[in-house]
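Per our numbering, the sequence shown starts with residue 2, numbered consecutively. Positions of the beta carbon are idealized from the N, C-alpha and C atoms, including for glycine.
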Amino acid sequence: MSDTYRVVEVVGTSTESVTEAIKSGVERASRTLRQLDWFEVGQVRGQIENGTVAHYQVSMKIGFKLEE
Numbered sequence: 002m003s004d005t006y007r008v009v010e011v012v013g014t015s016t017e018s019v020t021e022a023i024k025s026g027v028e029r030a031s032r033t034l035r036q037l038d039w040f041e042v043g044q045v046r047g048q049i050e051n052g053t054v055a056h057y058q059v060s061m062k063i064g065f066k067l068e069e
């Protein structure tokens, strides 16, 4: 049997790093969605304050298996 997936788009954020922004988005999505299987980063953005990176934003698609 082949699997069927649904895809949602989320934006993860962090003041620490791009990696933490990805983790934040996936962990938050996992609280309301089941059977998360993969993610794809589409865009990386950030906010600059006083000449340094203050905030990271990662736009990503997350795929999850549809239940029978």
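Counted within 10 angstroms of its Cβ, other Cβ atoms place residue i as buried (16 or more) or exposed
{"i": "Ile63", "result": "buried"}
Distance CB(residue i)-CB(residue j) smaller than 7 Å
{"i": "Gly47", "j": "Ser60", "result": "no"}
{"i": "Leu67", "j": "Thr20", "result": "no"}
{"i": "Thr33", "j": "Ala22", "result": "no"}
First through last residue of the alpha helix (DSSP H) which encompasses residue i
{"i": "Glu41", "result": "That residue, Glu41, is in no alpha helix (DSSP H); its beta strand (DSSP E) goes Leu37 to Glu50."}
{"i": "Gln18", "result": "At residue 18 the sequence reads Ser, which differs from the Gln that was named. No alpha helix (DSSP H) contains Ser18, which DSSP labels as neither H nor E."}
Residue interval of the beta strand (DSSP E) (run including residue i)
{"i": "Ser15", "result": "Tyr6 to Ser15"}
{"i": "Thr53", "result": "Thr53 to Lys66"}
On the three-pair Cβ rule with 8 Å, is the segment 47 to 56 touching the segment 23 to 35?
no
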